[in-house]
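A.B. asks: Mind having a look at this structure? Questions to follow.
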Amino acid sequence: MQEEELDVELLERANKSLRHAQQTQRMVEYRQEKKLKRIQLKQKVEELAQLRDALADASRRLPMTRLPWRDVAKALQEQRDEVESDKRTLERYLKEQRRLLHDMQQWVAVQLSLQASPHAGVPTWRNVSLLANPVSRRLGKEWILKHMYLNTDRVFQQYGFPPPNLQVDVKKELRFEFDDEGYVILFKEQLHSVKGSLQRQVSQFYHTLLSLQCMVVFYSPALSMVIEEVDGFTRQYAFVTPRGEFVNVLVGEFHSSNRCVIVGQEIQSDDSVADYYRHHQRNRTFWFDIYTVPDGLRTRDIKLHSHPFVLGGSNLDRIQDAGDFGLNLSDCPTHLHDIRLHMWAQRILDMKIADYRKPKQTPPPTT
16 MQEEELDVEL LERANKSLRH AQQTQRMVEY RQEKKLKRIQ LKQKVEELAQ
66 LRDALADASR RLPMTRLPWR DVAKALQEQR DEVESDKRTL ERYLKEQRRL
116 LHDMQQWVAV QLSLQASPHA GVPTWRNVSL LANPVSRRLG KEWILKHMYL
166 NTDRVFQQYG FPPPNLQVDV KKELRFEFDD EGYVILFKEQ LHSVKGSLQR
216 QVSQFYHTLL SLQCMVVFYS PALSMVIEEV DGFTRQYAFV TPRGEFVNVL
266 VGEFHSSNRC VIVGQEIQSD DSVADYYRHH QRNRTFWFDI YTVPDGLRTR
316 DIKLHSHPFV LGGSNLDRIQ DAGDFGLNLS DCPTHLHDIR LHMWAQRILD
366 MKIADYRKPK QTPPPTT
């Protein structure tokens with residue numbers, strides 16, 4: 016019994032000693048924490064004192080007087096002038112956009128109102144006007160050329176070309192289609208296994224763009240250009256021939272991974288050069304399609320050209336017409352005019368194509 020009482024007493028003394036030791040440890044930690052906080056507060060006081068001194072020094076350097084009312088008024092006026100200038104700029108921009116919208120609405124309405132074709136079997140002479148406004152003009156060019164490009168395969172199919180996957184040649188053909196209104200010249204050809212690079216073919220095409228592709232017999236690089244515009248994938252060239260024909264051709268170039276399509280359209284009405292339409296002109300449209308194939312290139316070609324006419328007037332007679340090809344029909348019976356013109360045009364085209372396909376030492380320059 017006495018031993019049990021002794022053990023209890025020892026446990027109580029040990030517990031009391033443990034609590035005392037724990038309290039002592041807590042007090043030590045508390046004093047250390049208080050000491051650390053005092054150090055931190057002292058550092059903070061020093062930082063704030065430095066900041067106070069810096070602010071006081073800066074305030075002493077600031078001018079103690081207010082801005083003169085004239086300076087305030089001038090600043091407000093400058094701000095107002097800037098706002099009014101921005102307003103005028105936005106108003107001009109809005110006016111330009113409204114004019115552009117009006118122009119394009121009228122332009123598209125004219126394009127859609129044109130007849131699908133002057134008569135069966137003859138191409139659609141459409142999409143042939145451009146406005147003078149630079150933005151409207153650029154949109155018009157893109158619309159005309161993209162419309163032609165998207166119809167490339169349909170046009171070749173329409174004129175009897177085989178499907179693109181058939182690697183065959185289509186014999187060169189030049190055909191005149193006469194009617195009461197005049198005539199249309201159709202040229203078509205497909206060549207397989209053409210040697211050379213795609214880029215060389217493109218360069219050669221542009222090298223002969225105005226002489227061969229547009230069939231302008233009397234074209235010379237020395238002729239002065241009325242229009243010479245190159246913008247992105249579009250080109251436009253306009254000039255007057257020595258025979259007085261006004262040529263105004265718009266060209267677009269479209270590339271894909273293994274193909275290049277070049278399309279062209281004569282512009283019948285161009286607001287930027289309206290005075291030149293007193294000269295006679297012709298309808299022209301063409302598609303030139305180049306594919307890469309395993310053994311070289313394949314090219315497809317369609318050209319369509321019309322008789323000469325004066326915008327808003329009448330057609331030129333056959334004798335004047337033949338003169339554009341360098342042919343004199345004055346001593347030829349009237350009933351043979353069309354036959355002679357056809358034969359002569361065939362001869363001229365054959366000569367130009369033969370010259371075009373002569374082996375060349377260096378690639379021709381691009382027009």
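Each number in the numbering used here corresponds to the 1-based position in the sequence shown with 15 added.
For each residue, glycine too, the CB sits at the ideal point set by N, CA and C.
So the candidates are Ser271, Ile200, Trp302, Phe254; which of them puts its Cα closest to the Cα of Tyr292?
C.D. replies: Here the closest residue by C-alpha is Phe254.
A.B. asks: Here's a check: name, in chain order, each residue in its chain whose Cβ is nearer than 8 angstroms to the Cβ of Phe340, leaving out the five neighbours to either side.
C.D. replies: Excluding positions up to five away in sequence, the list reads Val232, Leu356, Trp359, Ala360, Ile363.
A.B. asks: Would you report the Cα separation of Phe193 and Asp353, rounded to the nearest angstrom?
C.D. replies: The alpha-carbon atoms of Phe193 and Asp353 are separated by roughly 8 angstroms.
A.B. asks: Which value, in whole angstroms, describes the spacing of the CA atoms of Val183 and Arg313?
C.D. replies: Each residue's alpha carbon lies about 9 angstroms from the other.
A.B. asks: With the cut-off set at 8 angstroms, would you say Leu181 and Thr249 are in Cβ contact?
C.D. replies: Not a contact, by the Cβ cut-off of 8 angstroms.
A.B. asks: Verify whether the separation of the beta carbon atoms of Asn263 and Glu243 is less than 8 angstroms.
C.D. replies: Not in contact: Asn263 and Glu243 (Cβ atoms no closer than 8 angstroms).
A.B. asks: For Met230, report the span of its beta strand (DSSP E) as first-last.
C.D. replies: Counting along the chain, Met230 falls outside any beta strand (DSSP E), and DSSP gives it neither H nor E.
A.B. asks: Between which two residues does the beta strand (DSSP E) holding Thr223 run?
C.D. replies: It is not in any beta strand (DSSP E) - Thr223 carries neither H nor E in the DSSP assignment.
A.B. asks: Report the option in Leu319, Pro179, Ala147, Ala237 whose CA atom is closest to the CA atom of Thr307.
C.D. replies: If we check each option's Cα against that of Thr307, Pro179 comes out closest.
A.B. asks: Taking C-alpha atoms, which residue in Gln205, Val266, Gln228, Leu224 lies nearest to His162?
C.D. replies: Among Gln205, Val266, Gln228, Leu224, the Cα nearest to that of His162 is on Val266.
A.B. asks: Check each candidate in Leu109, Gly211, Asp246 and name the one with the smallest Cα separation from Glu155.
C.D. replies: In the sequence on display, residue 155 carries Gly and not Glu. Here the closest residue by C-alpha is Asp246.
A.B. asks: For Val150, which of Ala29, Val143, Tyr108, Glu93 has the nearest alpha-carbon?
C.D. replies: Among Ala29, Val143, Tyr108, Glu93, the Cα nearest to that of Val150 belongs to Tyr108.
A.B. asks: When burial is assigned at 16 or more other CB atoms within 10 Å of the CB, is Gln214 buried or exposed?
C.D. replies: The residue in question, Gln214, is exposed, as its Cβ has fewer than 16 Cβ neighbours within 10 Å.
A.B. asks: What residue from Arg103, Ser284, Pro83 has the CA that sits closest to Leu146's CA?
C.D. replies: Looking at the Cα atoms, Ser284 is the closest of the given residues.
A.B. asks: Among Leu66, Phe176, Asp101, which one has its Cα closest to the Cα of Trp302?
C.D. replies: Minimum Cα distance to Trp302 is reached at Phe176.
A.B. asks: Taking the straight line between their C-alpha atoms, what separation do you get for Arg85 and Leu70?
C.D. replies: Arg85 and Leu70: Cα-Cα distance of roughly 29 angstroms.
A.B. asks: Do Asp336 and His322 come within 8 angstroms of each other at the CB atom, strictly closer than that value?
C.D. replies: Yes, the pair counts as a contact, with Cβ atoms nearer than the cut-off.
A.B. asks: From Leu91 to Arg103, what distance separates their C-alpha atoms?
C.D. replies: Rounded to the nearest angstrom, the two C-alpha atoms are 18 angstroms apart.
A.B. asks: Alpha carbon to alpha carbon, how far is His222 from Asn148?
C.D. replies: Rounded to whole angstroms, His222 to Asn148 spans 30 angstroms at the Cα level.
A.B. asks: Just the C-alpha distance for Asp96 and Asp290, rounded to the nearest angstrom, thanks.
C.D. replies: Rounded to whole angstroms, Asp96 to Asp290 spans 43 angstroms at the Cα level.
A.B. asks: At the level of alpha carbons, what is the spacing between Glu106 and Glu93?
C.D. replies: Computed Cα separation, rounded: 20 angstroms.
A.B. asks: Quick check on His352: does DSSP put it in helix, strand or coil?
C.D. replies: Looking at His352 - three-state DSSP - the assignment turns out to be helix.
A.B. asks: Would the beta-carbon of Phe202 fall within 8 angstroms of that of Lys318?
C.D. replies: Their beta carbons are under 8 angstroms apart, which means Phe202 touches Lys318 by this criterion.
A.B. asks: According to DSSP, Phe324 sits in a beta bridge with which residue or residues?
C.D. replies: DSSP lists Gln296, Asn330 as partners of Phe324.
A.B. asks: Measure from the alpha carbon of Val199 to the alpha carbon of each residue in Gln251, Ser345, Arg190, then state which is nearest.
C.D. replies: The residue with the shortest Cα to Cα distance from Val199 is Arg190.
A.B. asks: Which class does Lys205 belong to by DSSP, given the choice of helix, strand or coil?
C.D. replies: The question names Lys, but residue 205 in the sequence shown is Gln. In the structure shown, Gln205 sits in a strand (DSSP, three-state: E or B).
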